[in-house]
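Engineer: My questions all concern the structure below.
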Amino acid sequence: VGYEPLPPTLGRNIFGRQVYQLPGLFAYAKHIVKVDGRAGLFKGLTPRLCSSAIGTVVHGKVLQSLFPTPTPPPFFQPGSSKKEPVSSLEQVVRETSREMVARSAATLITHPFHVITLRCMVQFIGRETKYSGTLSAFTTIYREEGILGFFAGLIPRLLGDILSLWLCNMLAYLINTYALENGVGAPHAPWEAWDAPVSTMTEMKSYSQAVTGFFASMLTYPFVLVSNLMAVNNCGLAGGLQPYAPTYSSWLDCWSQLRREGNTSRGNSLFFRKVPAGKRYVWE
């Protein structure tokens, strides 16, 4: 949310140049322990665990009910093929669409817990105790903001998840099809035909999936930032009000302000946090 209680320090980046850096993960962990004790590191844990558990159940139920797994042919034996089949573009689009529906349903159901988690953590800024428990937080949000309060920041979060999923799967498909299958998969000599087991190709494809997932998450990070800011925007906590944060009229207004300030990537790194020139932060 842009709150920086600790001042920047002079350090060195990964290339050895001296730059002013914002405190990283460990520095802020020590600061939280100093102020709130070790319990302060686990604020918002209960609604976060509830969100993960319910999201997993909803995700699985949606896939099972709307997209049942097709029964394999009677003479099909898993693992009997020497070469792993290449996924077609149609298959990738179909599987990605199924995953998109399941993830969107899970996000929609669990977003109220996500909002409560963020507000429990943001209370650290103003030393508030407004959201002291999960059940009482539900009552507080409903009383002050109504049903819509539970879904603050939902739209940018959904858009970010969907874009990240499609970017990840389509990039992985392109790499697996045109780089791995046509490059690594083709033997260079007759005696090498059986030297490359299917497991090696599967392992390389899993690496490509991880790399494309990381790349997609970097590109869609602004949606995550906007969603988190809107979840605490003007909710009665100090962290969602001036001088710590402006009041936004909508998530598009939040996006445009962050873009004008050059802050759309704020908070996307836990280490080597360089202080950008001309960007606004709040220090005590």
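Counting along the sequence shown from 1, when you hit position 72 you're at 72 in UniProt numbering, and nothing is skipped either side. We put the CB at the ideal spot given by N, CA and C, even for glycine. These figures come from a predicted structure and were not determined experimentally.
What separation, rounded to the nearest whole angstrom, lies between the Cα atoms of P68 and R103?
Structural biologist: 16 Å
Engineer: Between T9, R98, K274, T247, which lies nearest to N233 when the distance is taken from Cα to Cα?
Structural biologist: T247
Engineer: Looking only at C-alpha atoms, which of T56, I54, G55, R119 sits nearest to S227?
Structural biologist: R119
Engineer: Count the other CB atoms within 10 Å of the CB of R38; is the residue buried (16 or more) or exposed (fewer)?
Structural biologist: exposed
Engineer: Short of 7 Å in beta carbon distance, which residues of its chain neighbour M100, apart from the five on each side in sequence? Order them along the chain.
Structural biologist: Closer than 7 Å at Cβ, skipping near neighbours: I162, L165.
Engineer: Check L229 in the structure and name its three-state DSSP category.
Structural biologist: Helix at L229.
Engineer: By DSSP's criteria, L174 is part of a beta bridge. Which residues make up the other side?
Structural biologist: According to DSSP, L174 bridges with nothing at all.
Engineer: What are the boundary residues of the alpha helix (DSSP H) that includes Q123?
Structural biologist: 89-126
Engineer: Would you give the residue range spanned by the alpha helix (DSSP H) that L258 belongs to?
Structural biologist: Taken as a continuous stretch (DSSP letters only), the alpha helix (DSSP H) holding L258 covers 251-261.
Engineer: Taking the straight line between their C-alpha atoms, what separation do you get for A172 and V211?
Structural biologist: 8 Å
Engineer: Taking Q91 as the reference, which of I175, N169, T139 has the closest Cα?
Structural biologist: Ranked by Cα distance from Q91, the first of I175, N169, T139 is N169.
Engineer: Tell me the DSSP bridge mates of K274?
Structural biologist: Q21
Engineer: If you check the beta carbons only, do V275 and P8 fall under 7 Å apart?
Structural biologist: yes
Engineer: Quick one: residues in its chain with C-beta nearer than 7 Å to the C-beta of G126, no 5 flanking neighbours on either side, listed in chain order?
Structural biologist: L237, A238, G239
Engineer: For the alpha helix (DSSP H) holding R143, just list the boundary residues, first then last.
Structural biologist: 134-145
Engineer: Have a look at the DSSP bridge pairing and note the partners of L63.
Structural biologist: Looking at the DSSP assignment, L63 forms no beta bridge with any residue, so it has no partner.
Engineer: Looking only at DSSP bridge pairs, what is Y248 linked to?
Structural biologist: DSSP output for Y248 lists no bridge partner at all.
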